[in-house]
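The structure under discussion appears below in the form of structure tokens.
Here it is as structure tokens:
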């Protein structure tokens with residue numbers, strides 16, 4: 275019989291962390307750095323709403339469910355909210371669990387999930403949308419990745435041409451796989467904030483907790499989890515930065531940014547290739563992207579991981595409202611009218627969240 279309890283992250287002990295790491299490392303479903311205890315620990319260090327559900331069998335921990343409690347306490351979401359790009363119940367294979375029992379034991383009314391591995395079969399009926407999270411396959415090395423990409427398109431070759439042009443016209447290229455300097459970190463924040471303003475997107479970096487969390491993760495350098503802040507210079511000029519994370523075998527592309535003054539050279543793509551080559555040399559097998567539609571991901575991806583978005587709710591009415599709002603939003607995104615009606619779509623999302631908190 276599976277017993278479920280929950281604790282604030284701050285009350286976890288050594289046994290919890292040992293079990294968490296053991297379960298995660300034993301199943302490739304959970305090889306993303308977002309499933310690492312160190313990621314949740316970094317978020318919990320700057321937020322006080324991070325909890326962990328504990329699944330146990332005969333006093334042996336067989337699963338953990340890290341989650342962030344909503345503002346009114348009744349809704350669970352991914353640790354870090356929208357910045358999290360993989361989420362789920364980290365549980366041993368073959369362990370039976372029930373979503374309704376999980377919610378009740380964690381004292382939550384609903385759980386809104388995104389980027390959930392579709393292999394989490396107890397949640398199949400709660401999927402509102404299933405898509406793909408693209409990745410770069412480095413399991414056979416960087417050269418093999420480039421050769422495979424050249425067979426299916428010209429993205430890598432074009433990026434190499436622009437790389438040579440950048441070096442020829444601006445200056446000798448210098449690359450660092452991880453540069454934890456304040457100069458590089460501040461450039462990342464400034465460039466991403468400017469990008470958000472330019473594209474009319476809410477600037478996530480206005481939130482102090484997020485900046486503090488990123489500041490902390492860039493300083494973590496362990497074998498099982500590390501921050502990655504890669505930098506590309508042309509001559510003495512910093513032209514691109516990439517902020518990500520890695521587990522033991524998988525890196526995640528999180529926040530790429532570049533100096534728009536050098537946009538014609540696509541320095542971000544040069545950095546992506548440099549980073550991929552260096553990570554392959556360190557033993558990284560895969561670089562994950564988020565499941566968001568961006569052209570460069572489609573052009574550089576090797577494959578994709580099926581992921582789902584949806585909601586589990588102890589109220590069938592709330593679940594129905596949220597499902598209909600999500601389905602309508604996805605249909606709108608697929609139409610030519612998606613941009614003009616972006617604001618009404620956001621309102622639908624807020625309606626769904628409001629119902630989830632009731």
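Numbering (the numbering used here), first residue to last: 275 to 632.
Think of the CB as a built atom: it goes at the ideal place given N, C-alpha and C, for glycine as much as any other residue.
Quick check on DSSP: helix, strand or coil for residue i?
i	result
residue 256	Summary: the structure shown does not reach residue 256, with the chain confined to residues 275 through 632, and so no result is reported for it.
residue 409	strand
residue 475	coil
residue 321	coil
residue 424	helix
residue 458	helix
residue 392	coil
residue 495	strand
residue 444	coil
residue 610	Summary for residue 610: the model assigns pLDDT 49, below 50, so the residue's position carries little reliability, and this model does not support an answer.
With a 10 Å radius around its C-beta and 16 neighbouring C-beta atoms as the bar for buried, classify residue i as buried or exposed.
i	result
residue 561	buried
residue 347	exposed
residue 398	exposed
residue 293	buried
residue 388	buried
residue 359	buried
residue 385	buried
residue 298	buried
residue 423	buried
residue 275	exposed
residue 400	buried
residue 550	buried
residue 353	buried
residue 382	buried
residue 480	exposed
residue 569	exposed
residue 466	buried
residue 369	exposed
residue 557	exposed
Mind checking which residues open and close the alpha helix (DSSP H) that includes residue i?
i	result
residue 299	288-299
residue 282	First-last for residue 282: 277-282, but that is the beta strand (DSSP E), not the alpha helix (DSSP H).
residue 542	541-555
residue 491	482-491
residue 569	569-574
Residue i lies in the beta strand (DSSP E); which residues open and close that run?
i	result
residue 512	511-520
residue 587	577-587
residue 506	500-508
residue 531	524-532
residue 562	560-562
Legend entry - Complete runs of the alpha helix (DSSP H) confined to the segment 323-390 [at least 4 residues]: 373-379
Legend entry - Touching by the beta-carbon criterion (3+ pairs, under 8 Å), the segment 403-412 and the segment 567-580: yes
Legend entry - At least 3 beta-carbon pairs within less than 8 Å: the segment 438-451 vs the segment 490-510: yes
Inset, instruction - Would you be able to state if there are at least three C-beta pairs under 8 Å between the segment 414-434 and the segment 580-588? - result: no
Inset, instruction - Could you tell me whether the segment 472-487 touches the segment 516-528, where touching means 3 or more Cβ pairs closer than 8 Å? - result: no
Inset, instruction - Kindly confirm or deny that the segment 524-539 and the segment 296-314 touch, where touching means at least three C-beta pairs closer than 8 Å. - result: yes
Legend entry - Contact the segment 488-498 vs the segment 309-322: 3+ CB pairs below 8 Å: yes
Inset, instruction - Kindly confirm or deny that the segment 526-539 and the segment 550-564 touch, where touching means at least three C-beta pairs closer than 8 Å. - result: yes
Legend entry - Cβ contact check for the segment 328-344 and the segment 544-558: 3 or more pairs under 8 Å: no
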